[in-house]
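Visitor: Numbering (numbering that gives the first Met the number 0), first residue to last: 0 to 645.
One structure, pasted below without further comment.
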Amino acid sequence: MEGGGLPISRVRRELLYLVEKNATVVVVGHTGCGKTTQIPQYLHRSGWTAEGSKVLCTQPRELVVVSVAHRVAEEMGAVVGGEVGYRASSFEARTDEGGSTSSIEFSTDEALVSLMQRDPLLSPYTVVMVDEAHERSLATDVVLGLLKKVQRRRPDLRVIISSATIDAEALATFFGGAAIVSVEGTLHDVDILYAKVPASSYISEAVDTVVKIHKNERPGDVLVFFPGEEDVSQALELIEEQNDFERQRGGADDLVPLALHEGMPTSKQLQALRPAPRNHRKVVLSTSVAETSLTIDGIAYVVDCCFQRERYYDPITSLESVVTCPESKASAVQRAGRAGRVRPGKCFRLCTREAYESGLLPESSVPEMQRSELSHVVLQLKALGVDNIMSFDWIAPPSAEAMVRALELLHALGALDQESRLTSPLGAHMAELPVHPTVAKPLLVSGELGCVEELLIVAAVMTVKSSVWQLGRGRKEMERQKMKFAVAEGDHVTYLNVYKGFLEAKRSPGWCDRHCVNYNAMMKVLGVKSQLWSALEGLGIKHSSSDKETLPVRKALAHGLFANSAVLSSTSTDGKGRATYTTVRGKVVTKVHESSVLHRNQPKCVLYTRAIQTGPATHEMFEVLAVEQDWLTELAPHFYTSPGVG
DNA sequence: GAGCACTGC
């Protein structure tokens, strides 16, 4: 397909003219208008890739990078790795550094940040297009700030920002008055219908809406968006009850409800993506995975609860919380668009039109940059030569507290010196590792402590976000299986046993199923582990193993995680018999989360990977490591002796 | 008694 019928083709000439005349152009257009696949080809055909120069297009997600590269190559009659290439880590690299012949390259935003550490002026590129900029991921915001900086030294560099929403003005202003071009329309129209009154419970309202669609609307599958996994399972139960009720009345039970969320095994996810049996209507009950990451064919109706869950980092306590809040209009539009992929569809929003139009729903979500822990971003910027982080040209500046926290942690980790300059070699090496600074430091000290192999495994598991554990036949069974691997030293050390078992079982998916281990997560662990090993090897670190000795492993981890410490409270329980802890810094009351192998052990002092607020006054620690309290002052003397702390 | 979603040097 040539893409001639796509909405983007109507603005081709205008777009090319604007790119010629302006340093920066903002393109506004919804998903499906063809901008991602067509704009790079327009640029290619109009001379922007002449004489070995290149056009780069970035995406927030790796999966999209790979699939778009293949689609564009196919449209051009080229092969991936030839005229069209991509940069992605966990997939086989299809372009190499300098000698690549690709005219059009696709990469993730993250990969562009790392590319800029090696080639700050992006010398071979004439145009960089930042796609899906409205998603405002951490990496997107970093890329936008960096590109603006590069443009000052390379006035010839063209930047195209593509966004699905109307915050185009803000983006254009940030780039000193960029040109704006709008792409009207999508492939198919979607009718938007609103609730007449605000719903008292979005779960039952969503289920009622599904039932109404099933009774009154033409055939076509339904996709329902819920904020979280818990909502998905409740809705699933309600629809099954409804089906039972229909059966008893002798009605048709041709409604097929299917859950879809990140935490499910892939086989179950695929089930939700498969077409329903003939004459049945499929209802996919999903979290926001289906908003951007997964595409389901045959969806004609979308039901949107109009809520989403967002993670917030509190720099004062250094703890995170996950809150349910009204979704942004940008998400609402994206979700609705999922109904119009194959033919005109309908979207039922469970908020009122007044609520939508009066500003009760924000235009866009708070950018990740303003609700995240920033030590990794700060370290990256330092490595890119941005000396004064506070005065970096942020498109949305993070809070001063969050930046101070990040600088403080990086200083305590030894990545920055007294003057906040990157230390050498430690800070520079930490910046070269594709993991969070609290994980990079343990990896780097593992050489001296003789436990490189063990740290590679633990760091890989910590970096692969999806849990190593997976529900098999119920929570009880998972608990039972987990205990087979569990050790008193904690979750991180337990991972070593899981990894060992996985290798001894020759990476068998069946073994994983029987032991409630997530096969996909383990395969990713293998990939990340070998990637980390080549990075460490490149830094001159020699391989070693501590075998059955776990003390060096815990010590190495403590070198990175010391800031996340909590001690067992003397007044021991929360009323339900569970021990409470107090974070050493911040003095917040917290508990060991049920998912941890240590949730009954009550060690005196623990380090955690993350602590999340799970209730109004409840914080829980995920991934917990048992340590000796005197390690804290030993490993981070300044951190634990400053006034008012410790 | 159970955690939105992504990614990388």
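No residue lacks a Cβ here, since even glycine has one placed at the ideal position from N, Cα and C.
No experiment lies behind these values; they were computed from the predicted model shown.
(1) Buried or exposed, going by whether 16 or more other CB atoms sit within 10 Å of the CB of Q417?
(2) Answer yes or no: do V646 and C32 have a C-beta to C-beta separation smaller than 9 Å?
(3) Please identify the residue among H514, K328 and M477 whose C-alpha is closest to the C-alpha of F501.
(4) State the Cα-Cα distance for the pair E593 and F224, rounded to the nearest angstrom.
(5) Please return the same chain residues whose Cβ sits closer than 8 Å to the Cβ of T581, not counting the five positions on each side in sequence.
(6) Could you pull out every unbroken beta strand (DSSP E) segment of at least 3 residues lying fully inside the region 170 to 197, listed in chain order?
(7) Assign A258 to one of three DSSP states: helix, strand, or coil.
(8) Go ahead and pull the three-state DSSP assignment for F244.
(9) Hey, V516 and W468 are a contact pair by Cβ (cut 8 Å); roughly how many whole angstroms apart?
(10) By the 10 Å Cβ neighbour count, where 16 or more other Cβ atoms means buried, how is K547 classified, buried or exposed?
(11) Excluding sequence positions up to five away, which residues of its chain have a Cβ less than 6 Å from the Cβ of L597?
(12) Check for me: the alpha helix (DSSP H) holding S445 runs from which residue to which?
(13) Can you grab the Cα-Cα spacing for the pair E13 / T48, in whole Å?
(14) Just to confirm the assignment: which complete beta strand (DSSP E) runs, minimum length 3, are found wholly within the region 104 to 153?
(15) Any chance the region 331 to 349 sits against the region 26 to 44, with 3 or more Cβ pairs inside 8 Å?
(16) Using 8 Å as the threshold, is the region 398 to 417 in touch with the region 170 to 179, meaning 3 or more CB pairs across them?
(17) Helix, strand or coil: how does DSSP classify W468 here?
(18) Considering only the beta carbon of each residue, do L531 and A458 sit closer than 9 Å?
(19) Near S445, which residues of its chain fall below 6 Å by C-beta distance, leaving aside the five closest residues on each side in sequence?
(20) Provide the residue span of the beta strand (DSSP E) that contains D395, from first to last.
(21) Below 8 Å on the Cβ atoms is my contact criterion, and I expect Q116 with A382 to pass it. Report the Cβ-Cβ distance as a whole number of Å.
(22) Going by C-alpha distance, which of V302, M461 and E229 is nearest V221?
(23) Please state the DSSP three-state secondary structure of A635.
(24) Between L5 and H187, what straight-line distance do the alpha-carbon atoms span, to the nearest angstrom?
(25) Of the residues A399, G344 and S371, which one's Cα is nearest the Cα of V321?
(26) On a CA-only basis, which of T36, S45 and T35 is nearest L17? Give me that one, please.
(27) Starting from C511, trace the beta strand (DSSP E) in both directions and tell me its first and last residue.
(28) Evaluate F244 with the Cβ neighbour count: other Cβ atoms within 10 Å of its Cβ, from every protein chain shown; 16 or more gives buried, anything less gives exposed.
(29) Does the Cβ of H428 have 16 or more other Cβ atoms within 10 Å, making it buried, or fewer, making it exposed?
(30) Tell me the rounded alpha-carbon separation between A289 and S327.
(31) Quick one: give me the first and last residue of the alpha helix (DSSP H) that E431 is part of.
(32) Rounding to the nearest angstrom, what Cα-Cα distance links P551 and L443 in this structure?
(33) Have a look at T632 and T640 and give me their C-alpha separation to the nearest angstrom.
(34) Could you say which of P123, R584, A299 and V376 lies nearest to D108 if we only look at CA atoms?
(35) Can you have a look at E619 and say buried or exposed, based on whether 16 or more other CB atoms are within 10 angstroms of its CB?
(36) Given 8 Å as the limit, is there contact between the region 231 to 245 and the region 191 to 205, that is, 3 or more CB pairs closer than that?
Guide: Quick look at the numbers:
(1) Exposed is the call here.
(2) With the chain running from 0 to 645 in the structure shown, residue 646 is simply not present.
(3) Of H514, K328 and M477, the residue nearest in Cα terms is H514.
(4) In a straight line, the C-alpha of E593 is about 27 Å away from that of F224.
(5) Once the five neighbours on either side are set aside, the close Cβ partners of T581 are A565, V566, S568, V587, V588 and T589.
(6) Runs found: 178 to 181 and 189 to 194.
(7) In the structure shown, A258 sits in a strand (DSSP, three-state: E or B).
(8) Reduced to three states, the DSSP call for F244 is helix.
(9) Correct: roughly 7 Å between the Cβ atoms.
(10) By the 10 Å Cβ count, K547 comes out exposed.
(11) Listed in chain order, the non-local C-beta contacts of L597 below 6 Å within the same chain comprise G489, V591 and V623, local neighbours out to five positions each way being set aside.
(12) Looking at the DSSP string, the run of the alpha helix (DSSP H) that includes S445 is P436 to L448.
(13) Their backbone Cα atoms lie some 19 Å apart in a straight line.
(14) DSSP runs (the beta strand (DSSP E)) wholly in the region 104 to 153: 124 to 129.
(15) These segments touch.
(16) No, the region 398 to 417 is not in contact with the region 170 to 179.
(17) Here W468 carries a strand assignment [DSSP, helix/strand/coil].
(18) Yes. Within cutoff.
(19) Once the five neighbours on either side are set aside, the close Cβ partners of S445 are V451, L454 and A555.
(20) This sequence places Ala at residue 395; Asp is not what is there. Unbroken run through A395: none, as it is neither H nor E.
(21) Rounded to whole angstroms, the Cβ separation of Q116 and A382 is 6 Å, and the two are in contact under 8 Å.
(22) Checking every option, the nearest Cα to that of V221 belongs to V302.
(23) Residue state, collapsed to three classes: coil.
(24) Cα to Cα, L5 sits roughly 11 Å from H187.
(25) Measuring from the Cα of V321, the nearest candidate turns out to be S371.
(26) Ranking T36, S45 and T35 by CA distance to the CA of L17 puts S45 first.
(27) That residue, C511, is in no beta strand (DSSP E); its alpha helix (DSSP H) goes P508 to R513.
(28) Flag for F244 reads exposed.
(29) H428 comes out buried.
(30) Going from the Cα of A289 to the Cα of S327 covers about 16 Å.
(31) E431: member of the alpha helix (DSSP H) spanning L425 to E431, first to last residue.
(32) Roughly 13 Å between the two C-alpha positions.
(33) Approximately 8 Å between the Cα atoms of the pair.
(34) Residue V376 is the option with its Cα nearest to D108.
(35) Classification of E619: buried, given that the 10 Å Cβ count is 16 or more.
(36) Using a C-beta cut-off of 8 Å, the region 231 to 245 makes contact with the region 191 to 205, since at least three inter-stretch Cβ pairs fall below that distance.
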